[in-house]
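All remarks here apply to the structure that follows.
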Amino acid sequence: MTEKRYPVYKPTGIEWFGDAPAHWEVKRLKHLIDKIEQGWSPQCHNQAAEEGEWGVLKVGCVNSGIFDPSENKALPSDLEPKLEYVIRAGDILISRANTKELVGSAAKVKAVDAKLLLCDKLFRIVTSGKVHDEYLIYTLRSAVARHQYEKDATGTSGSMQNIGQDTIKNLLVSLPPLKEQGIIADFLDGRTAQIDVLITKKQALLKLLDEKRTALITQAVTKGLNPDAPLKLSGIDGLGDIPAHWEVKRLKNLVTKVGSGVTPKGGSEVYVDEGIMFLRSQNIHFNGLRLEDVKYISEETHEAMANSQVSNGDVLLNITGASIGRVTTYTLHEEANVNQHVCIIRPVNNSYSAFIRYLLTSTIGQHKIFAGQVGTSREGLTFEEIKNFQFPIPPVEEVGLIVSEIEKNCQLIDRLAEQNTLAINKLKEYRSSLITHAVTGKIDVRQYAPEPYAHEA
4 MTEKRYPVYK PTGIEWFGDA PAHWEVKRLK HLIDKIEQGW SPQCHNQAAE EGEWGVLKVG
64 CVNSGIFDPS ENKALPSDLE PKLEYVIRAG DILISRANTK ELVGSAAKVK AVDAKLLLCD
124 KLFRIVTSGK VHDEYLIYTL RSAVARHQYE KDATGTSGSM QNIGQDTIKN LLVSLPPLKE
184 QGIIADFLDG RTAQIDVLIT KKQALLKLLD EKRTALITQA VTKGLNPDAP LKLSGIDGLG
244 DIPAHWEVKR LKNLVTKVGS GVTPKGGSEV YVDEGIMFLR SQNIHFNGLR LEDVKYISEE
304 THEAMANSQV SNGDVLLNIT GASIGRVTTY TLHEEANVNQ HVCIIRPVNN SYSAFIRYLL
364 TSTIGQHKIF AGQVGTSREG LTFEEIKNFQ FPIPPVEEVG LIVSEIEKNC QLIDRLAEQN
424 TLAINKLKEY RSSLITHAVT GKIDVRQYAP EPYAHEA
């Protein structure tokens with residue numbers, strides 16, 4: 004941070020809070036608001052409400068200070084909406100149940116055109132005029148608030164944490180005078196908007212790189228490496244011509260196994276600190292395994308789950324949920340197992356391993372995956388559908404050449420994507436640090452105030 008500091012500070016007496024500007028106060032949120040409300044949890048349809056229908060918000064409607072009204076589920080027409088939970092412009096919403104990183108996410112409803120209702124996984128804060136709404140939102144997004152959420156959060160699963168009303172009410176807030184709160188909010192509005200523009204541009208570039216990667220892979224696994232090769236009709240819907248010497252085969256003719264795991268008996272309670280890797284859908288990505296949050300099971304549990312033990316060269320495909328279609332190969336030489344959301348596809352020999360992965364990554368592979376979804380409450384693929392996927396297959400001696408060419412061409416794309424992702428993460432870290440420094444008084448931004456103040460009382 005290059006911004007200047009306040010001239011005089013005082014100790015707050017709170018170790019993790021540090022010093023505060025001498026004219027600021029530290030108060031608990033319950034002294035600054037009128038009330039906290041929690042919504043309801045009716046059984047809803049598994050799609051967003053259409054125009055004119057009532058929708059109940061999902062917890063994902065608040066993220067990074069932004070309210071997304073499209074994150075809702077349609078209320079059945081035979082259920083009467085509870086009007087005390089109607090969402091209105093100006094509402095401040097906080098998620099009370101989410102992942103460790105997202106629980107406590109907050110946003111203000113700027114405008115609302117749809118008929119939306121508060122769900123039971125969200126709190127609505129009703130302010131009292133003692134704190135500026137926008138300043139409060141930034142405070143709720145700060146690292147000091149996150150520290151308090153994580154300290155008080157409950158839940159046995161790392162994927163779902165909960166905070167109660169008492170955590171919100173007892174949240175410690177650095178409080179400058181009301182006018183100064185508006186100045187800080189204005190400053191953060193401007194600076195975070197600049198950062199968000201940069202993030203959006205880099206995310207757009209990531210999308211372009213991903214599209215380029217998919218196009219390169221699709222060309223190689225459907226047309227081969229020789230642009231002058233004689234062609235023939237593939238007979239596969241949406242594919243067109245393929246090299247004349249290739250064959251069309253069902254996936255089951257290239258593999259010895261298609262199957263997934265199960266949730267271990269006892270669920271997450273059986274996880275151990277060290278042991279056999281237990282791969283879940285969040286570990287499976289197009290560019291490889293991500294093991295930052297991998298879970299482990301004991302050798303005994305692993306042996307009891309013999310049908311879902313992973314071997315080197317297995318293709319791992321996510322077959323349910325939001326990450327359906329993500330696919331990679333298992334190239335490690337250590338034991339591992341998978342849960343029911345990850346399908347093991349075991350080639351007849353490892354020569355086909357990477358090629359099958361790239362077939363499933365390609366446009367035609369992803370089309371088959373999403374065309375084959377079943378289930379109304381949760382997207383999913385059956386093993387029979389996967390076995391019967393039809394693909395163009397080159398002679399085995401060509402497979403290695405095609406895979407090598409794909410990997411060579413994708414190296415630069417992957418390197419650029421990695422650099423871009425790193426830059427996005429750094430921008431997000433800077434945004435978070437800027438917000439925290441501003442709402443705890445570590446920087447003095449009063450000179451940045453526009454005239455008139457957008458948030459002045």
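Going by the numbering used here, the first residue of the sequence shown is number 4, and it counts up by one from there.
Each residue gets a CB set at the ideal place from its N, CA and C atoms; glycine is no exception.
Kindly indicate which three-state DSSP category residue i falls into: helix, strand or coil?
i    : result
Q164 : strand
S380 : Only weak support is given to the placement of S380: the predicted model assigns it a pLDDT of 45, under 50, and the value that follows is read from those uncertain coordinates. Here S380 sits in coil by DSSP.
A127 : Here residue 127 turns out to be Arg, not Ala, going by the sequence shown. The answer is strand: DSSP assigns R127 an E or B state.
F373 : helix
K389 : Correcting the residue identity first, residue 389 is Ile in this sequence and not Lys. Reduced to three states, the DSSP call for I389 is helix.
V112 : coil
A307 : helix
S98  : strand
I279 : strand
C64  : helix
G58  : strand
L86  : helix
R449 : helix
G368 : helix
V273 : helix
Q312 : strand
Which value, in whole angstroms, describes the spacing of the CA atoms of residue i and residue j?
i    : j    : result
S354 : Q343 : 26 Å
G93  : F70  : 11 Å
L126 : R283 : Sequence inspection shows Phe at residue 126; the Leu mentioned does not correspond to that position. Each residue's alpha carbon lies about 30 Å from the other.
R144 : T439 : 8 Å
Y361 : V224 : 7 Å
S44  : A148 : 26 Å
T379 : N49  : Only weak support is given to the placement of T379: the predicted model assigns it a pLDDT of 42, under 50, and the value that follows is read from those uncertain coordinates. So the two alpha carbons sit approximately 8 Å from each other.
R91  : V112 : 7 Å
L174 : G107 : 11 Å
C346 : I245 : 28 Å
P79  : L105 : 28 Å
A357 : S436 : 41 Å
R8   : T157 : 36 Å
A307 : Q206 : 43 Å
G132 : K172 : 16 Å
G403 : Q164 : 46 Å
K124 : K85  : 16 Å
I537 : I367 : Residue 537 lies beyond the stretch modelled for the chain, which goes from 4 to 460, so this question has no answer here.
I322 : A52  : 26 Å
Measure the CB-CB distance between residue i and residue j and report whether it falls below 9 Å.
i    : j    : result
L191 : Y152 : no
N66  : A117 : no
T364 : I198 : no
P72  : L119 : yes
I389 : I348 : yes
I186 : V129 : no
H305 : G270 : no
F20  : S177 : yes
V318 : P350 : yes
F281 : V200 : no
Q393 : R253 : yes
D22  : P10  : no
R26  : P180 : Here residue 26 turns out to be His, not Arg, going by the sequence shown. For H26 and P180, yes; Cβs fall inside 9 Å.
D276 : N286 : no
E6   : L228 : no
S237 : P397 : no
L96  : L60  : yes
K115 : I36  : Reading off the sequence shown, one finds Val at residue 115, where the question assumed Lys. No. Outside cutoff.
L292 : L335 : yes
I239 : V273 : no
Can you give me the start and stop residues for the alpha helix (DSSP H) that residue i sits inside?
i    : result
Y361 : 356 to 364
L437 : 399 to 442
Specify, as a first and last residue, the run of the beta strand (DSSP E) that residue i falls within.
i    : result
T332 : 330 to 332
Y299 : 298 to 300
K30  : 28 to 31
N75  : 75 to 77
Q41  : 36 to 41
W249 : Element bounds for W249: n/a, residue is neither H nor E.
L320 : 318 to 321
A339 : 339 to 341
V265 : Counting along the chain, V265 falls outside any beta strand (DSSP E), and DSSP gives it neither H nor E.
L3   : There is simply no residue 3 to check, as the chain begins at 4 and stops at 460 in what is shown.
R349 : 345 to 350
Y12  : 12 to 14
A23  : 22 to 24
Can you list, in chain order, the stretches of the alpha helix (DSSP H) that have 4 or more residues and sit fully within the region 137 to 199?
146 to 155, 168 to 172
Sequence ranges, beta strand (DSSP E) only - wholly within the region 198 to 240, length at least 3
234 to 236
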